[in-house]
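Scroll down for the structure; my scribbles are underneath it.
Residue numbers (the working numbering), protein chains in the order written: chain A, 3 to 215; chain B, 1058 to 1259.
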């Protein structure tokens, strides 16, 4: 058995990959070395067998369909505009629904402590402005009077508080809680835009794919 | 067929142009796949995968030999398939000694695992050659398929296999040497003009 370098040379020689001087040198060795010549014959025979291997025809057609490569029909230029407006309207509708659900509860929660304690300002700026006046009122009273009256609010104070409570709009807040933050008409409008946009996009896609076929 | 024009059209997304190219190359692609994988069904799948992948990445083709480019795609698809097969438990193609070294011997053909029935099935020369090709390591098999079966020159085969020219020469020589040894086991099947040992220069 010849070394691998020689076999590589013989293989390249078979394919005409050696330069002229290398070929001449190898050919002179082949005449004097029968073992080397024998290897060359075998390599040539092996190559010849492979080259004689009949080429097979493809058993089926490999042509691609549009579906195979995921090609989609070209859509009209206006399509992205519809897609954007539909998506935008959907986002707005979601936000409006969320706002109508969350904001009234937030208002109610903010006004709850005011209703519970009877005073303290709460969310109403008008009552908040009056608060310092109410706090200052007892300060002008004599000390023993203060001690005597500790724990029970005066009739005046109660009257003031009642007025303040009415002015701060507690019943109005209750009404506001029932009112939608975003008008329902707007939401219906958005819904119509979404449905129309979706329908138009569907028609565009159908038309495009029918034309493409 | 104006290949360049078809390639340009295909690069612009024209599937019909690419299908014309497929019709031209599908026999070569299938033959390459079937000789690398040694199985018709797997070869069909690999060829189809290769064409799909080729269409999707045709924009990356920057000129040169389109045949080499498409063959590279199919050899990659074949390698993927072989890797998938490797993950499943299979009988190794290359038997090993107790030391873990590969047995590079023509005795492989006289493997008692190959029953007389199987041998008679492999009576046709093509089967015998495919059997010998299957015993080669994948890299060697690919090079011998590209050069000796597909008739590519060394530079085309190097471009296809993405290896240096010297590697092609080396792998081809080793592959031919192993095939020579392997084919001795099928001496009686070989045409007289291709009998090994002691034949004169043809």
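Glycine included, every Cβ here is placed at the ideal spot set by N, Cα and C.
These figures come from a predicted structure and were not determined experimentally.
Collapsing the DSSP output to three states places residue 200 (chain A) in a helix.
In this structure, DSSP gives residue 1069 (chain B) a state outside helix and strand, which the three-state scheme calls coil. A check of alpha carbon separations from residue 1127 (chain B) across B:1058, B:1059, B:1086 and B:1093 identifies B:1086 as the nearest. In this structure, DSSP gives residue 1087 (chain B) a helical state, which the three-state scheme calls helix. Excluding five sequence positions before and after residue 1131 (chain B), the CB atoms of its chain that fall closer than 7 Å to its own CB belong to 1086, 1089, 1090, 1103, 1104 and 1107, given in chain order. For residue 1221 (chain B), there is no enclosing alpha helix (DSSP H), as DSSP marks it with neither H nor E. Going by DSSP, residue 65 (chain A) is part of no alpha helix (DSSP H) at all; its letter is neither H nor E. Residues of chain B with a Cβ closer than 8 Å to the Cβ of residue 61 (chain A) are, in chain order, 1087, 1097 and 1101.
Between residue 39 (chain A) and residue 16 (chain A), the alpha-carbon positions lie close to 12 Å from each other. In chain order, 10 make up the part of chain A whose C-beta sits under 7 Å from the C-beta of residue 1227 (chain B). For residue 1207 (chain B), same chain residues with a beta-carbon under 8 Å away, outside a window of 5 residues either side, are 1085, 1088, 1089 and 1128 in chain order. Look at the beta carbons and you see the stretch 1190-1209 of chain B not touching the stretch 71-85 of chain A: under three pairs across the two are nearer than 8 Å. When the alpha-carbon of residue 1112 (chain B) is set against those of B:1239, B:1096, B:1078 and B:1219, the nearest one is in B:1078. DSSP, reduced to helix, strand and coil, places residue 183 (chain A) outside both helices and strands of the structure shown, so it counts as coil. For residue 1084 (chain B), a Cβ of chain A is located within less than 8 Å of the residue's own Cβ. For the pair residue 192 (chain A) and residue 103 (chain A), the CB atoms are not nearer than the 8 Å cut-off. Here residue 14 (chain A) is buried, its C-beta having at least 16 other C-beta atoms within 10 Å.
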